[in-house]
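Counting from 1, one number per residue, gives the positions in the sequence shown under the UniProt record's numbering. This report refers to the structure that appears directly beneath it.
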Amino acid sequence: MWAAEELVSLFRRHALPLTIICWDPEEPGGGRVYRAEQPFCWRLNVRSDIVRTHIGAFPEWLESNLSLDSEGREVYRGKVFEREDRIFAPRAVVGDFLRESWRKLVEDTETEGSQISIVHVPARVVEVRTESAHCDGKHLAAGRFMGNGCCIVAEDGSEEIVDEVLVVTGHAAEWDGQLNDAMAAHDHRSVESIPAGANVVIRGLALTFIDACLALTEGRGGKFVPAETGQTADSAHPDPAQPGGPAHAPLRYIPSGREPARIFPYSRSGELMHVKPDPSSPWIDIEIPGQKEYEKRIRNCADVSELRVILNEVTDEVMNVACHRAQQDSATHMRQLPAQEWARGEVWRRVYPAIVERASYLSEGDLDGFFELERELEPIAFGPPPVTAKRIDALVEAEIVVLPQGGGEPQEVPSDVIHVDAVVSPPGLQPNTVLAGLVDHGEITMLPQGGPNVGRDGKVPNKRIAVIGRDVEPRVIGHDTLNRTMHKEIPNWANGVFDRAFRRMHATEPLTGRLEPWMHQLLRNPQQCTDLIETYDSPVNVLAPHVLSRNAEDLVRAGQANGVDVRVFYARKANKGLSFVDAALAAGHGVDVASERELQQVLSRGAQPDQVILSAAVKPDRLLQLAVNAGVYISVDSVAELHRIEAIVGDTSGSARVVPRIAPNPNLLPPTRFGELVETWEREVQRDFTPGVEVHGVHLHLHGYSEADRRIALADAIAIVDAATLAGHPVSFIDLGGGVPMSYLDAKPEWDNFQEQLKAARAGERAPFTWKGDPLNNTYPFWQEPTREEWLKQLLAGQLGGDLENAQPSTGTGVPVAEALRSRNLRLHMEPGRSLLDGGGVILARVAFVKKRSDGVGLVGLEMNRTQCRTTSDDILVDPILVPAADGSQTTQPAKDSEKKNTATHARENAGLNAFLVGAYCIEDEVIIRREMHFPEGVESGDIIAIPNTAGYFMHILESASHQIPLARNVFVAAPSEAQDEAPSNAHAEAVADSSGDDETVNSANTSPLTIRPDDIDLVNASRTNSDSARAE
1 MWAAEELVSL
11 FRRHALPLTI
21 ICWDPEEPGG
31 GRVYRAEQPF
41 CWRLNVRSDI
51 VRTHIGAFPE
61 WLESNLSLDS
71 EGREVYRGKV
81 FEREDRIFAP
91 RAVVGDFLRE
101 SWRKLVEDTE
111 TEGSQISIVH
121 VPARVVEVRT
131 ESAHCDGKHL
141 AAGRFMGNGC
151 CIVAEDGSEE
161 IVDEVLVVTG
171 HAAEWDGQLN
181 DAMAAHDHRS
191 VESIPAGANV
201 VIRGLALTFI
211 DACLALTEGR
221 GGKFVPAETG
231 QTADSAHPDP
241 AQPGGPAHAP
251 LRYIPSGREP
261 ARIFPYSRSG
271 ELMHVKPDPS
281 SPWIDIEIPG
291 QKEYEKRIRN
301 CADVSELRVI
311 LNEVTDEVMN
321 VACHRAQQDS
331 ATHMRQLPAQ
341 EWARGEVWRR
351 VYPAIVERAS
361 YLSEGDLDGF
371 FELERELEPI
381 AFGPPPVTAK
391 RIDALVEAEI
401 VVLPQGGGEP
411 QEVPSDVIHV
421 DAVVSPPGLQ
431 PNTVLAGLVD
441 HGEITMLPQG
451 GPNVGRDGKV
461 PNKRIAVIGR
471 DVEPRVIGHD
481 TLNRTMHKEI
491 PNWANGVFDR
501 AFRRMHATEP
511 LTGRLEPWMH
521 QLLRNPQQCT
531 DLIETYDSPV
541 NVLAPHVLSR
551 NAEDLVRAGQ
561 ANGVDVRVFY
571 ARKANKGLSF
581 VDAALAAGHG
591 VDVASERELQ
601 QVLSRGAQPD
611 QVILSAAVKP
621 DRLLQLAVNA
631 GVYISVDSVA
641 ELHRIEAIVG
651 DTSGSARVVP
661 RIAPNPNLLP
671 PTRFGELVET
681 WEREVQRDFT
691 PGVEVHGVHL
701 HLHGYSEADR
711 RIALADAIAI
721 VDAATLAGHP
731 VSFIDLGGGV
741 PMSYLDAKPE
751 WDNFQEQLKA
761 ARAGERAPFT
771 WKGDPLNNTY
781 PFWQEPTREE
791 WLKQLLAGQL
801 GGDLENAQPS
811 TGTGVPVAEA
821 LRSRNLRLHM
831 EPGRSLLDGG
841 GVILARVAFV
851 KKRSDGVGLV
861 GLEMNRTQCR
871 TTSDDILVDP
881 ILVPAADGSQ
891 TTQPAKDSEK
901 KNTATHAREN
911 AGLNAFLVGA
921 YCIEDEVIIR
931 REMHFPEGVE
941 SGDIIAIPNT
951 AGYFMHILES
961 ASHQIPLARN
971 VFVAAPSEAQ
981 DEAPSNAHAE
991 AVADSSGDDE
1001 TVNSANTSPL
1011 TIRPDDIDLV
1021 NASRTNSDSA
1031 RAE
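Spelled out as structure tokens, the structure:
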């Protein structure tokens, strides 16, 4: 289930189609181990608070599912629930939680429009065959697999072909050492068939033995009650936490009359496991001083001798802490100190994740002797909890369980006995399993040091098969699928499936970008990507103007929620595409322009004067004249610029709507080159202006994305509004400018990890993963929150003037920003660029070559230059996406049909390559993205690299035609309502062989193409270039 959850989360997040097929003869989620009908006395051997799925934590789920009986006792399924049942819960109840989690996961994928489906096949898999094992060629001929498809064969003979296989089969049903003439203790149905009064011999004295004993007693109606006051009982289980006696109150067993006469257990050692500390023990929460440093030493220890030394040091530390606590705590002091054995077990439990990390994926000869150490300490550390151990003590006291004496053999037993095998199959390779079949067919090799040859994602090299869990031991130790914090193989595998299905490349320190549905539809269609580059050359900028209105609506809604009229003006400088201008105007929004050509183009698209504000940093007289003639708002950067506007208006008898730009107090906010101080504008707006020149608003241009900074600056803006209004100007708005935050990345953990790794690289604590160790000191916050709507809501609800200690009382601070605007009947104008284009563009660039730098560093050359994906940020911190070349596109010349590569069977080059993306300029540091990329399935000339979410600034703000290389062409995607055949096909459709033997294959190689058209900006610029050339001649 964990694997399914990970896959669903990844593929849903990226709007990708996915089919998950689960083969399990039991109901998924709980499986055989957590069957609903098993005895309630079979409990977890770990605390139930570690159990968690996508629906939440088990304890919270349990709380909501408990009820009260007529006596006020908590019950579940009619059975009384004690406190200890919450801590070490019945496995049947945990199974209910897991089954409900599975059902909800399935239900979540059955919503309308979902591209994900989950199918349960109630059958046991007997074989997994790959193409190399002669899987049915009729299926593979569909060209669906990249030469690595797998065929699943179920016990009824049915077959299914899939792209990826995960084998997580748990305990083997059969194994060489089992007792063939004995009942299996783990099968409660077998145990239940033992008649009352029988004599039972059980092989094994570990956890499954306890299950068998309880099923034969408590499971048959027997009861355990507190022993009479003053009664004591010797503990059969060693309890080193309480060497002077049991930590728990002893129990007394009341028979039901349906028990066996006697139970005679035996084992090689003849010893029971050590009991875990009671949850109420004073030693349960002891902290280990310096635990992280000890764990670090364990991860880096050279051999078992060093590991033993470290464990002994930690054990001594724990005993010292226990002694100190006993001396300080009078209640604890009354108890005898725990034994050294308790401390050894406690240490093994506490540092076990570090031990798992060190002792997994060993090379041959590494950590020799570890498994002897493991066998020595695990019975001490991972024994039964007190809730079950004290029941065995009571059964021994009642002489129902007769422990072996003087060795591992059972005491003398009657001749007529029933044998039960409570020894489960050991981990690792076992006969008649899926893993054994794969090994027999040469699909998986076993390592000399033990375990199958699998990677840290469980994947078999060069196969689409992964094996995770008990089958993999001792390659990976300590598998516990209930505890999701100890092993990373499941998430690693799911990410690998996603990589192979779609991403195909990522940075060595990944930063996965959020992708829009239209991006998925385009990038799943290699032919359309190839056609775009062949038509418009490389790179080509693909724009999606339909996202603009959606993003703008976020800001409008935030204003409505606070009673403020928010008007959005698209910052044209963020992207020159005219399709975005058209989208803004069509949705009733405005445009912020920063040059004469931008203003001319916007006016030519039909913008009305109220829909345009000119905010250029430098405004020649010709630009000001154009703005005055058009009647657009003019953001005035200085008093001198205002005087020039007045002169133009005076000469032409026209009019001008001016918007003074404020520079905030440099003692409160960073100094800025834009605007004039509030004191300057307060004086200026109170004088008589040239007739026709009026103040219609106040403008801000702040660096960064802090809403608190904007509230400080808004206090100054309000002061100018009040002064200008008092002077008779028709002030109707404050323009907050840009700086509306957005988030590029899919998930915060990746961003946090990247920052940590970058910090470590800067400090020399790890190898660099950037070009020549670039520290990337100046980057945009590619993951941040809140964004857009929530950010603006927070700003409007916040206090005007920011922190009160910084506020100026004369500006009316201390009230919410929204109230300050409403009370003056002011609109709030905003000029987002990047945030408004969120999800609005992809750069497609063709791979020209793959080579190595002189020192061996991998290089992938792209047919583009660095200015075509560049801002003032040191790098774009979003991973590109690899689109494999469509047939015949590996060369610059059209290929003959006979020369085309069959992408279904073509073995791609450079698999596993790490490389940097470099560009076309003849400059040593001509790097497109300054982070190292990984290509798990290779990269070749003719492939296409897609850089997502680049519409905002990356495409155009710094683009150059140096070397006489033409600027990138721009095309746009028609809005979904305008596009033809918009609905994507299922790229992961199954090819199924049904039971009648007829073949039904679904060709999923292609997906419906998007409707894409040239953006008019290239035509406008081409026309201007031709006109300039004609004038020059």
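Note that CB positions come from ideal geometry on N, CA and C, so glycine has one too. Please read these numbers as outputs of a predicted model, since none were measured by experiment.
For residue i, name the three-state secondary structure that DSSP assigns.
{"i": "Y633", "result": "strand"}
{"i": "A89", "result": "coil"}
{"i": "F224", "result": "strand"}
{"i": "M830", "result": "strand"}
{"i": "I20", "result": "strand"}
{"i": "A302", "result": "coil"}
{"i": "A895", "result": "For A895, the predicted model reports a pLDDT of 40, less than 50, meaning its position is unreliable; a value from the coordinates is still stated below. Of the three classes helix, strand and coil, the one that applies to A895 here is coil, per DSSP."}
{"i": "K488", "result": "coil"}
{"i": "N541", "result": "strand"}
{"i": "S579", "result": "helix"}
{"i": "V454", "result": "coil"}
{"i": "L362", "result": "coil"}
Using CA coordinates, which residue listed in the options is at the minimum distance from residue i?
{"i": "R908", "options": "V860, V939 and I876", "result": "V939"}
{"i": "N199", "options": "T109, P426 and R262", "result": "R262"}
{"i": "R670", "options": "G650, Y705 and P660", "result": "The question names Arg, yet the displayed sequence has Pro at residue 670. Out of G650, Y705 and P660, Y705 has the C-alpha closest to the C-alpha of P670."}
{"i": "residue 1064", "options": "V94, V423 and D735", "result": "The structure shown has nothing for residue 1064, since the chain only spans 1 to 1033."}
{"i": "V476", "options": "A359, G113 and E174", "result": "A359"}
{"i": "L548", "options": "D366, G840, R622 and A436", "result": "G840"}
{"i": "H963", "options": "Y921, I929 and F972", "result": "Y921"}
{"i": "L18", "options": "L66, I116 and G72", "result": "I116"}
{"i": "E82", "options": "G95, W771 and S67", "result": "S67"}
{"i": "G95", "options": "P39, G764 and G149", "result": "P39"}
{"i": "W342", "options": "P379, T652, R325 and V439", "result": "P379"}
Return the CA-CA distance between residue i and residue j, expressed in angstroms with no decimal places.
{"i": "I923", "j": "M864", "result": "13 Å"}
{"i": "T779", "j": "A848", "result": "28 Å"}
{"i": "A574", "j": "K459", "result": "44 Å"}
{"i": "G802", "j": "D565", "result": "21 Å"}
{"i": "I876", "j": "C869", "result": "8 Å"}
{"i": "L251", "j": "G197", "result": "22 Å"}
{"i": "R297", "j": "R35", "result": "41 Å"}
{"i": "G650", "j": "D637", "result": "20 Å"}
{"i": "G563", "j": "A818", "result": "7 Å"}
{"i": "A607", "j": "R866", "result": "33 Å"}
{"i": "L657", "j": "G631", "result": "In the sequence under discussion, the amino acid at residue 657 is Arg, which differs from the Leu named in the question. If I take the Cα positions, the gap works out to 7 Å."}
{"i": "P28", "j": "R91", "result": "15 Å"}
{"i": "T652", "j": "A583", "result": "34 Å"}
Just to confirm before moving on: does the CB-CB distance between residue i and residue j stay below 8 Å?
{"i": "A381", "j": "V275", "result": "no"}
{"i": "V201", "j": "H419", "result": "yes"}
{"i": "G222", "j": "P195", "result": "no"}
{"i": "R788", "j": "I944", "result": "no"}
{"i": "F769", "j": "E509", "result": "yes"}
{"i": "P781", "j": "A797", "result": "no"}
{"i": "L205", "j": "S267", "result": "yes"}
{"i": "E932", "j": "N914", "result": "yes"}
{"i": "L624", "j": "I648", "result": "yes"}
{"i": "I734", "j": "H589", "result": "no"}
{"i": "R975", "j": "H546", "result": "Per the sequence shown, residue 975 should be read as Ala rather than Arg. Their beta carbons are under 8 Å apart, which means A975 touches H546 by this criterion."}
{"i": "N949", "j": "Y744", "result": "yes"}
{"i": "A727", "j": "V685", "result": "yes"}
{"i": "V971", "j": "P1014", "result": "yes"}
{"i": "L578", "j": "I1017", "result": "yes"}
Check your understanding: For the stretch 752-766 against the stretch 710-719, are there 3 or more C-beta pairs whose distance is under 8 Å?
Key -> no
Check your understanding: Counting pairs of Cβ atoms below 8 Å between the stretch 153-164 and the stretch 118-132, do you hit three or more?
Key -> yes
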